[in-house]
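In order, the protein sequences belong to chains A and B. Numbering follows the UniProt record's numbering, with no gaps: position 189 of the first sequence is 189. Numbering follows the UniProt record's numbering, with no gaps: position 42 of the second sequence is 42. All C-beta atoms, glycine included, are put in the ideal place defined by N, C-alpha and C. Everything below concerns the one structure shown next.
2 protein chains.
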Amino acid sequence: MTESEFLAGYDPAAYERPALAVDLVLMGIRAGRPAALLMRRTQLPQPGLWALPGGFVGIDETLDEAAERVLRDKAGIARARLEQLYTFGAVDRDPRMRIVSVAYLALLPAAAFAEVLAGGGLTAAVLGVPWAGEAGGPVSAVSEDGAPLALAFDHADILALAVKRLRGKLDYTDVAFALLPEQFTLRQLQDVHEAVLGAALNTSAFRRRMRDRGWIAPTGAREAGTAFRPAELFRFDRSRQS
Amino acid sequence: MTESEFLAGYDPAAYERPALAVDLVLMGIRAGRPAALLMRRTQLPQPGLWALPGGFVGIDETLDEAAERVLRDKAGIARARLEQLYTFGAVDRDPRMRIVSVAYLALLPAAAFAEVLAGGGLTAAVLGVPWAGEAGGPVSAVSEDGAPLALAFDHADILALAVKRLRGKLDYTDVAFALLPEQFTLRQLQDVHEAVLGAALNTSAFRRRMRDRGWIAPTGAREAGTAFRPAELFRFDRSRQS
DNA sequence: CTAATAGTGTCTGTTAGACAGTATGGG
DNA sequence: CCCATACTGTCTAACAGACACTATTAG
């Protein structure tokens with residue numbers, strides 16, 4: 001029996017299979033707090049609740065490709081930093097049928113986040129995450145005008161994990177730079193760190209640490225249009241990162 | 001249209017679905033190096049190559065339950081520390097059909113690892129992971145008598161990620177204790193850290209750090225049967241961890 | 001000049017590495 | 001007594017927090 005004969009005789013439909021989907025946490029910083037983009041469900045099940053943009057995984061599509069497709073089709077974004085978060089597989093997480101979902105985290109700079117928001121379709125949810133010792137407790141989602149947003153399915157768990165992962169990776173990976181424009185000031189970088197951590201940082205220690213690490217390079221340019229001393233602009237120097 | 005009417009009309013077979021499996025990295029420390037338990041494939045495809053124990057996810061089973069079932073049925077272990085690693089979804093990762101696999105990491109103390117090994121069925125693969133700046137490069141699997149083990153499918157990637165994840169979590173979570181017996185000496189704890197990191201650690205700094213952290217409690221007992229000064233035995237104090 | 005924020009210098013406390021030195025079991 | 005390993009004390013370098021200080025822009 002050759003390998004191709006074996007494959008011809010293999011029955012791929014022998015067992016009932018769970019459906020497989022991806023769900024995306026499109027994350028950015030809004031007004032000093034972490035925020036995610038949600039869709040309001042219009043159809044059953046759970047109409048009126050707020051859900052992460054997602055979609056089923058095609059049979060000829062990798063998981064990463066499915067996530068990129070959702071990013072393109074539901075948010076209109078051509079490219080973003082995408083990272084697999086975790087796979088959620090509770091049996092009753094979706095009342096329609098058994099759906100296992102691979103959650104992805106997408107990080108958007110403020111301008112890209114605002115652009116998606118302006119396109120309609122998606123709504124910004126400001127995420128409240130009690131400190132809870134860096135572990136990140138249950139998440140609360142609130143619209144920008146302060147109204148609480150009730151989350152569909154197990155999407156509150158997914159959002160909580162996204163914030164937790166972001167916090168954990170903030171200090172030893174380049175995630176913060178994915179939330180910033182190409183050029184940024186050290187103050188903006190610190191603001192991103194403070195928003196994600198939900199805590200204030202020591203300015204001089206932060207600056208010292210960031211400069212010593214060697215991940216950022218001065219551009220030589222400075223901020224424009226400030227009413228006070230303009231800050232130096234830096235860019236992320238990918239070549240020197242780990 | 002009520003929610004139950006909607007569900008009745010939903011067609012769960014509208015699209016072709018990938019199959020969903022779990023694969024387990026059963027990890028322990030053997031002779032000062034990280035090791036995993038592998039099965040030799042006897043059937044097509046890829047007969048003779050070495051694979052992680054795995055199985056398909058049942059339609060009424062969570063991912064964690066599927067992993068526990070594989071642990072029980074293929075390794076004969078009732079319980080172990082199990083943690084989801086990552087989900088692998090390349091389109092051609094298995095030549096039989098499209099299979100997406102959720103990889104799990106199981107941590108076994110030396111005694112449990114040896115017991116599974118004695119039961120036959122599974123073989124120990126000593127993992128060689130070049131340092132590569134903590135990121136963990138490609139992994140090499142070698143049997144305990146030194147013969148290289150060729151890995152099936154994308155299982156080399158899964159093993160590499162397992163070692164990388166273990167390294168990353170070693171210092172700020174309790175993973176090291178899952179690889180040790182109930183009672184252990186500080187030397188044994190340091191040996192586990194050194195095996196996982198593949199690097200020597202400073203003894204006095206290590207002991208100071210472990211004791212200051214407060215995660216371990218002295219049992220009052222000491223090692224027996226040594227030809228020299230017996231070391232103090234500790235246990236992991238879960239109540240004081242984070 | 002003032003207001004406001006950018007950015008630096010320096011003191012101090014905490015923690016890690018190095019390494020010599022002491023403690024304690026068996027023989 | 002010796003050997004081997006467990007364990008401790010202490011010096012030093014690296015680094016983080018605190019905070020006062022200087023720099024630079026607009027008006």
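query                                                                                                                                                                            : result
Who are the neighbours of Glu16 of chain A on chain B, taking C-beta pairs under 7 angstroms?                                                                                    : Ile59
Step through the CB atoms of chain A and report whether any lies within less than 8 angstroms of the CB of Phe56 of chain B.                                                     : yes
So Val91 of chain B contacts chain A; which residues on that side make the cut at Cβ distance below 9 angstroms?                                                                 : Ile59, Asp60, Glu61, Thr62, Glu65
Would you identify the three-state DSSP class for Arg96 of chain A, choosing helix, strand or coil?                                                                              : coil
Output needed in chain order: residues of the segment 70-100 of chain B with a Cβ under 7 angstroms from some Cβ in chain A.                                                     : Gln84, Tyr86, Thr87, Gly89, Ala90, Val91, Pro95, Arg96, Met97, Arg98, Val100
List, in chain order, every chain A residue whose beta-carbon is nearer than 9 angstroms to that of Val102 of chain B.                                                           : Thr87, Gly89, Val100, Val102
Provide the residue span of the alpha helix (DSSP H) that contains Asp73 of chain B, from first to last.                                                                         : 63-75
What are the boundary residues of the alpha helix (DSSP H) that includes Thr203 of chain B?                                                                                      : 203-213
Does the count of Cβ pairs from the segment 143-155 of chain A and the segment 39-50 of chain A closer than 8 angstroms reach three?                                             : yes
Ala224 of chain B to Ala114 of chain B, Cα distance in whole Å?                                                                                                                  : 21 angstroms
Would you verify that the beta carbon of Ala106 of chain B is, or is not, closer than 8 angstroms to some beta carbon of chain A?                                                : no
Spell out whether any CB of chain B is found under 8 angstroms from the CB atom of Ala199 of chain A.                                                                            : no
Pull up the distance between the alpha-carbon of Asp73 of chain B and that of Ala106 of chain B, whole angstroms please.                                                         : 14 angstroms
Please name the residue in A:Arg79, A:Phe153, A:Gly120 whose C-alpha comes closest to that of Pro109 of chain A.                                                                 : A:Arg79
Given that a residue counts as buried once 16 or more other Cβ atoms are within 10 Å of its Cβ, and exposed if not, what is Arg167 of chain A?                                   : buried
Cα separation between Asp64 of chain B and Thr173 of chain A?                                                                                                                    : 29 angstroms
Any beta carbon from chain B within less than 8 angstroms of Ala19 of chain A's own beta carbon?                                                                                 : yes
Would you check if the distance between the CB atom of Ala217 of chain B and the CB atom of Asp191 of chain B is smaller than 8 angstroms?                                       : no
What residue range is occupied by the uninterrupted alpha helix (DSSP H) comprising Val57 of chain B?                                                                            : Premise fails: Val57 of chain B is in no alpha helix (DSSP H) and is neither H nor E.
Check the C-beta distance from Val70 of chain A over to Gly89 of chain A and give it rounded, since I have them as a contact under 8 angstroms.                                  : Actually they are not in contact, since the Cβ atoms of Val70 of chain A and Gly89 of chain A sit about 19 angstroms apart, beyond 8 angstroms.
Name the DSSP beta bridge partners of Phe234 of chain A, please?                                                                                                                 : A:Phe184, A:Pro218
Does Glu83 of chain B come out as helix, strand or coil in the three-state DSSP assignment?                                                                                      : strand
Straight-line CA distance for Leu127 of chain A to Glu194 of chain A?                                                                                                            : 14 angstroms
Measuring straight from C-alpha to C-alpha, what distance separates Gly198 of chain B and Gly32 of chain B?                                                                      : 9 angstroms
Could you tell me which of A:Leu189, A:Ala35, A:Val22 sits nearest to Val116 of chain A, measuring between CA atoms?                                                             : A:Ala35
Rounded to the nearest angstrom, what separates Gln125 of chain A and Pro148 of chain A at their Cα positions?                                                                   : As written in the sequence, residue 125 of chain A is Ala, which differs from the Gln given in the question. Distance between the alpha carbons of Ala125 of chain A and Pro148 of chain A is about 9 angstroms.
Exposed or buried, Glu182 of chain A, counting other C-beta atoms within 10 Å across all chains shown (16 or more means buried)?                                                 : exposed
Enumerated in chain order, which unbroken segments of the alpha helix (DSSP H) with a length of 4 residues or greater are wholly contained in the segment 135-181 of chain A?    : 155-170, 175-178
Closest to Leu24 of chain A by CA distance: which of A:Ala66, A:Arg41, A:Gly120 is it?                                                                                           : A:Ala66
Report the rounded CA-to-CA distance for Val57 of chain B versus Val129 of chain B, giving the unit in angstroms.                                                                : 30 angstroms
Between B:Ala75, B:Met210, B:Tyr15, B:Asp212, which lies nearest to Ala112 of chain B when the distance is taken from Cα to Cα?                                                  : B:Ala75
Quick one: residues in its chain with C-beta nearer than 8 angstroms to the C-beta of Thr123 of chain A, no 5 flanking neighbours on either side, listed in chain order?         : Leu37, Leu38, Met39, Arg40, Trp50, Leu117, Ser143, Leu149
Take Phe206 of chain A and list the residues in its own chain whose beta-carbon comes closer than 6 angstroms to its own, dropping the five residues that flank it on each side. : Gln190
Nearest to Thr219 of chain B by alpha carbon, out of B:Gln43, B:Leu186, B:Leu44, B:Leu201?                                                                                       : B:Leu186
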